[in-house]
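Since the structure comes first, as structure tokens, the remarks are kept for the end.
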């Protein structure tokens, strides 16, 4: 599904190298987690894959189902099936959440040659998914993320994911700023989307999100590289001993 | 020294190119006094404080600079789906054939050219009256010039709730036309009317509207200033508001080499409400664009509310100006005044200058004002694109979001939709 090979990325302005050769393959139907200390490059990986400005890929490649992600505009990557749930979802005053969601869905449908959904059809689709995430009509009417609590913003990200039905989902510290109940709700939303045709990359600091979204594979990232890959037990090890032991072991 | 002599020369040259229409004795008097208000202080120049950001030279010169007539092709006309009474002016001349019959229940409609020749008419109390009041504390010689030389206009008296909007349609057909129109609107106690305006009107357009809104009456106004790129316009709206009355005006300006829209509102009765809003979109790639909103709201009664909401979207060297003032007179307690002027600059060549002013002589009031200049929010743009919205569409969505607060000031949903359609078309034509 997602194939990343020897990916080197620098900050465009400072020239500082953040990713120093990342190799990672996520298979369809599997959930991979990336853990790592602050500044290891986890979030950068998510941004580079989704096409945010400010990064320069100096070496390596990233493909989604064989398509060269790095050659595409952000909207093309989305239409190809990539989705990034933001760590800090952006507030957009003046754009209604519903308008935003429908515009996004229809833009993607258009690229895929499907017919656009009417307002009524869209309403039907969104209602059920919003209910599952406890997103009420008021939240759908309000401007995108404006005045939303931390938990509401993250639920809104998962709602977008549920409606856009991407092939490859990247969750960037979706657990940050969530209390236990909100985290359960978000995890339920994610788990409902797990299926054989979809891959997940869950970026997180802590093991606790992985109690709710059970990963198949856990990677440790440090200083711009994947330094260790193992099963779910690796997350528990991090939880108990911190990153120090693992990093020392590699050094 | 040579410059000091230039000012009276400008005024003299401009007046020499005009002739005062002859009417009834009362109107001739009004026109003569108006002309005196032009001669002293004289027509404005760039050196006037009030014209610091906008060069009035092309508005004051003797002859109108030529302006190409824009061909909109088979584009659907504005307000096309709205049942309205049309009054059509072509280069400032009334076109009876294109206009509807000037008859409507609860409304009297006359033409200014006829009214000013009548021995008696209610208009004698309004013509030039609010314009004269509006000369203090800031002189507005181009408005006085309008009163002195206006060739025509609509004279509207509303005694009930007007069943449909009155639509003033301004067509531009001659390349060097120079139109001066003056409208009078008197909304009697408890009455209500919506006035629509659209079109470029002429190569150069000087328009004045005096609006007397009586106690409990309502005046709504939606204006679109046409698609011509080279036309010039100076407009004045002078309004006086009675007790518990409502004034709501919205203007959309896209294109036009030079536009200055002045709104001078005197809130004279308690519990009245005045809202003035504008959205201006300028693209220097289609020709120079300079847009100036100048607003002066005077609170002279208690428990009144006023809102000024002006938004500008500028690109390719387009220029925007906002001068807005809220004056709260002694005794105008519990005034709620709000003013916002914002520009969205789509590149670094465009510019916006704003001069917000508050002058308050009452102690129990609430007034706020703000002015911002900014670019498209790159984070929001990326967020939209990451969800699959193409860059152009995403940018348009953010522009419309920026304008939303001004558009929301249009009460009628059909009119709002009409304006939004125009906005979307303007954006789509420029999509990169």
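Protein chains in written order, with our numbering: chain A, 12 to 262; chain B, 467 to 898.
Cβ atoms here follow ideal geometry from the backbone N, Cα and C, with glycine treated the same way.
This one's a predicted model, so the numbers in the text were calculated from it and none came from an experiment.
Whole-angstrom distance between residue j and residue i, CA atom to CA atom
| i | j | result |
| --- | --- | --- |
| residue 469 of chain B | residue 636 of chain B | Interpretation of residue 469 of chain B is limited by its pLDDT of 42, a score under 50 that renders its predicted location unreliable; the figure taken from the coordinates is listed afterwards. Their Cα atoms are separated by approximately 36 Å. |
| residue 472 of chain B | residue 641 of chain B | Low local confidence applies: a pLDDT of 49 at residue 472 of chain B is under 50, so the model's placement there is unreliable, with the coordinate-based value given in what follows. Residue 472 of chain B and residue 641 of chain B: Cα-Cα distance of roughly 27 Å. |
| residue 672 of chain B | residue 847 of chain B | 40 Å |
| residue 467 of chain B | residue 631 of chain B | Its pLDDT being 37, under 50, residue 467 of chain B is placed unreliably in this model, and the coordinates cannot settle the point. |
| residue 617 of chain B | residue 536 of chain B | 24 Å |
| residue 253 of chain A | residue 30 of chain A | 22 Å |
| residue 208 of chain A | residue 696 of chain B | 58 Å |
| residue 482 of chain B | residue 870 of chain B | 45 Å |
| residue 211 of chain A | residue 192 of chain A | 22 Å |
| residue 519 of chain B | residue 141 of chain A | 51 Å |
| residue 658 of chain B | residue 711 of chain B | 10 Å |
| residue 16 of chain A | residue 26 of chain A | 21 Å |
| residue 527 of chain B | residue 475 of chain B | 10 Å |
| residue 887 of chain B | residue 873 of chain B | 12 Å |
| residue 851 of chain B | residue 522 of chain B | 43 Å |
| residue 740 of chain B | residue 514 of chain B | 28 Å |
| residue 861 of chain B | residue 583 of chain B | 54 Å |
| residue 517 of chain B | residue 567 of chain B | 40 Å |
| residue 902 of chain B | residue 768 of chain B | In the structure as shown, chain B starts at 467 and stops at 898, and residue 902 of chain B therefore has no counterpart that could be examined. |
| residue 545 of chain B | residue 884 of chain B | 6 Å |
| residue 35 of chain A | residue 18 of chain A | 9 Å |
| residue 829 of chain B | residue 804 of chain B | 16 Å |
| residue 783 of chain B | residue 179 of chain A | 43 Å |
Pair within 8 Å by beta-carbon distance, residue i and residue j
| i | j | result |
| --- | --- | --- |
| residue 201 of chain A | residue 43 of chain A | no |
| residue 668 of chain B | residue 643 of chain B | yes |
| residue 170 of chain A | residue 146 of chain A | yes |
| residue 577 of chain B | residue 504 of chain B | no |
| residue 54 of chain A | residue 234 of chain A | no |
| residue 655 of chain B | residue 614 of chain B | no |
| residue 66 of chain A | residue 33 of chain A | no |
| residue 752 of chain B | residue 727 of chain B | no |
| residue 510 of chain B | residue 698 of chain B | no |
| residue 164 of chain A | residue 85 of chain A | no |
| residue 720 of chain B | residue 693 of chain B | yes |
| residue 155 of chain A | residue 106 of chain A | yes |
| residue 168 of chain A | residue 185 of chain A | yes |
| residue 124 of chain A | residue 88 of chain A | no |
| residue 716 of chain B | residue 759 of chain B | no |
| residue 94 of chain A | residue 177 of chain A | yes |
| residue 493 of chain B | residue 552 of chain B | no |
Rounded Cβ spacing between residue i and residue j (contact assumed at less than 8 Å)
| i | j | result |
| --- | --- | --- |
| residue 880 of chain B | residue 548 of chain B | 6 Å |
| residue 181 of chain A | residue 849 of chain B | Rounded, the Cβ-Cβ distance is 14 Å, inconsistent with contact. |
| residue 46 of chain A | residue 237 of chain A | Rounded, the Cβ-Cβ distance is 11 Å, inconsistent with contact. |
| residue 703 of chain B | residue 730 of chain B | 7 Å |
| residue 675 of chain B | residue 649 of chain B | 4 Å |
| residue 508 of chain B | residue 607 of chain B | 7 Å |
| residue 173 of chain A | residue 204 of chain A | 6 Å |
Start and end residues, alpha helix (DSSP H) containing residue i
| i | result |
| --- | --- |
| residue 496 of chain B | 491-505 |
| residue 887 of chain B | 879-895 |
| residue 237 of chain A | That residue, residue 237 of chain A, is in no alpha helix (DSSP H); its beta strand (DSSP E) goes 236-241. |
| residue 129 of chain A | Residue 129 of chain A -> no alpha helix (DSSP H), and no H or E assigned at all. |
| residue 219 of chain A | 219-223 |
Coarse secondary structure for residue i, derived from DSSP in three states
| i | result |
| --- | --- |
| residue 522 of chain B | coil |
| residue 472 of chain B | With a pLDDT of 49 at residue 472 of chain B, under the threshold of 50, the predicted position of this residue should be treated as unreliable, and no value is reported. |
| residue 50 of chain A | coil |
| residue 856 of chain B | coil |
| residue 617 of chain B | coil |
| residue 467 of chain B | Here residue 467 of chain B scores only 37 on pLDDT, less than 50, and its place in the model should not be relied on; the value that follows carries that caveat. Three-state result, residue 467 of chain B: coil. |
| residue 568 of chain B | coil |
| residue 848 of chain B | helix |
| residue 152 of chain A | helix |
| residue 256 of chain A | helix |
| residue 541 of chain B | coil |
| residue 812 of chain B | coil |
| residue 611 of chain B | helix |
| residue 170 of chain A | helix |
| residue 194 of chain A | helix |
| residue 586 of chain B | coil |
| residue 777 of chain B | strand |
| residue 655 of chain B | coil |
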